[in-house]
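Those protein sequence lines, which keep their order, are chains A and B. Residues 268 to 433 (my numbering) are what the first sequence spells out, left to right. Residues 268 to 433 (my numbering) are what the second sequence spells out, left to right. All C-beta atoms in this analysis are idealised placements derived from N, C-alpha and C, irrespective of residue type, glycine included. Here the structure is a predicted model, which means the values were calculated and not measured. Notes follow once the structure below has been shown.
There are 2 protein chains.
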Amino acid sequence: MSGAHTLSETERQVENKLSGMTLDFDSMAAISNIFRAANATRNYLERTVLGPHELSWTGFVVLWVSWIWEPIETRVIAEEGGFSKATLTGVLQTLEGKGYLKRDPGTGDKRLVIVTLTSKGRALMKKLFPDFNTHEQQVLSGFSKTEKRELTVALRKITAFTEAQD
Amino acid sequence: MSGAHTLSETERQVENKLSGMTLDFDSMAAISNIFRAANATRNYLERTVLGPHELSWTGFVVLWVSWIWEPIETRVIAEEGGFSKATLTGVLQTLEGKGYLKRDPGTGDKRLVIVTLTSKGRALMKKLFPDFNTHEQQVLSGFSKTEKRELTVALRKITAFTEAQD
DNA sequence: TGTAGATTATTAGCGTCCAAACAATCTCCA
DNA sequence: TGGAGATTGTTTGGACGCTAATAATCTACA
């Protein structure tokens, strides 16, 4: 939902379609702008930081979580990264193929798979993560520290609500 | 990036990995929470509103844009929805197969494809859109009108910045 | 008029992303 | 001790989502 039409044009047209129904346009605008901001930010960070290293967004998240917590069980990566175990399996194969990490069977519970970064993977993250943070600061360069924190609080409230609904 | 570990645990661990580097944790938290909130909200709305109708997120966006502006050129749908024309082609095939819309060649410019909803598609949207907005209000039930608008303004600022970087 | 360049939707190929089915393994409790 | 049920990672099949290449069509201008 990004824009060839302005917001007020859209509102007028929606009211044509749904005359008599009560709609909350403030909620509509806020929710749709979450997705627009998330997509735009993701594209920006992929373009500026990840693209030069031929790393996908998900690949970066997996690498980041693994780097912070290694050695780490794959089920924890999936939970921490917010995607399914099925998705993770494919991404891990890609990253392992590129030589950034390796998978080993768990020593105790043999169902588990433990991920460890290679030295190549650690070198990449040590370079990439500060770059990533620099660009995060760029994205929020128009925000004061207080505004950043207020935004974080608001977004956490949304996440908490939606995840609480069974 | 959703949570088995708390924020402060993560911060401490990141500082272990990058001692001596200056990181802006406020920016890091704000940015990562955009993605968490977007994913959580999307999952919530898919589960509560879209799932019962076997409609994907993207399918709903395409249907929504088409419903508001029909008859509409596919290139406008893609721009309005924020995805590529290639992606749109596939989604339109799915939606056309389900009988929610139809595609016709443009009368003037024969390269164009014009999308119109079927009566089945219009009936679906007339039911679905108010439901969708009701759940959007639910997601933001903890927010005042002012807070919703402040959130919208902040998110728009982020979108504007990231899209402005060539 | 005609032709080079731009624009359109589609296809092809690849990488996510998910739910469901599966095999291996672990846990629990009679 | 043993076996039913739970949990784990993988595979399978389908839908998204992108870029690059393609064919059809339009535009601009000599």
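Rounded separation between residue i and residue j - CA only
i	j	result
serine 386/A	tryptophan 331/B	48 Å
methionine 268/B	alanine 307/A	Note on methionine 268/B: pLDDT 48, under 50, position unreliable in the model; the coordinate value appears next. Between methionine 268/B and alanine 307/A, the C-alpha separation is close to 18 Å.
leucine 317/B	glycine 388/A	39 Å
serine 294/B	tryptophan 324/A	18 Å
leucine 368/A	valine 343/A	16 Å
glycine 348/B	threonine 413/B	27 Å
serine 408/A	phenylalanine 399/A	14 Å
asparagine 283/A	leucine 384/B	16 Å
threonine 315/B	valine 329/B	19 Å
glutamine 404/B	threonine 401/A	35 Å
proline 338/A	isoleucine 381/A	6 Å
alanine 345/B	lysine 352/B	6 Å
proline 372/B	glutamine 360/A	43 Å
arginine 370/B	glutamine 432/A	38 Å
arginine 279/A	proline 397/B	15 Å
threonine 374/A	histidine 320/A	33 Å
tryptophan 336/A	tryptophan 336/B	49 Å
leucine 379/A	leucine 379/B	52 Å
threonine 354/A	threonine 354/B	20 Å
Closer than 6 Å: residue i CB and nearest the ligand SAH heavy atom
i	result
phenylalanine 292/B	As far as ligands go, the structure on display features none, and thus does not contain the ligand SAH.
Beta-carbon spacing of residue i, residue j below 7 Å
i	j	result
threonine 429/A	valine 406/B	yes
phenylalanine 302/B	alanine 305/A	yes
asparagine 300/A	leucine 422/B	yes
threonine 419/B	alanine 297/A	yes
Residue i (DSSP reduced to helix, strand or coil)
i	result
arginine 370/B	strand
threonine 383/B	strand
glutamate 321/A	coil
glutamate 276/A	helix
methionine 268/B	Residue placement at methionine 268/B cannot be trusted, given a pLDDT of 48 that sits under 50; what the coordinates show is reported in the next sentence. In this structure, methionine 268/B counts as coil in the three-state DSSP scheme.
glutamate 430/B	helix
glutamate 337/B	coil
methionine 392/B	helix
phenylalanine 410/B	coil
serine 299/A	helix
glycine 348/A	helix
aspartate 376/B	coil
threonine 419/B	helix
aspartate 293/A	helix
Residue from the options whose Cα sits closest to the Cα of residue i
i	options	result
arginine 416/A	Asp291/B, Arg279/B, Thr273/B, Asp398/B	Asp291/B
threonine 363/B	Gly326/B, Asp376/B, Ser275/B	Residue identity check: residue 363/B is glutamate in the sequence provided, not threonine. Minimum Cα distance to glutamate 363/B is reached at Gly326/B.
glutamate 313/A	Ser408/A, Ile425/A, Leu395/A, Phe410/A	Leu395/A
lysine 393/B	Val281/A, Glu276/A, Leu379/A, Thr277/A	Val281/A
valine 358/A	Thr277/A, Ala431/A, Ala427/A, Ser333/A	Ser333/A
leucine 322/A	Ile335/A, Thr354/A, Lys365/A	Lys365/A
phenylalanine 410/B	Phe410/A, Gly373/A, Gly375/A, Lys424/A	Lys424/A
Buried versus exposed, by CB contacts within 10 Å (16 or more), residue i
i	result
methionine 229/A	This structure does not reach residue 229/A, given that chain A is present from 268 up to 433, and the question cannot be answered.
alanine 390/A	exposed
serine 286/B	exposed
threonine 341/B	buried
serine 275/A	exposed
lysine 377/B	exposed
histidine 426/B	The identity of residue 426/B in the sequence shown is threonine, whereas the question assumes histidine. Classification for threonine 426/B: buried.
threonine 277/B	buried
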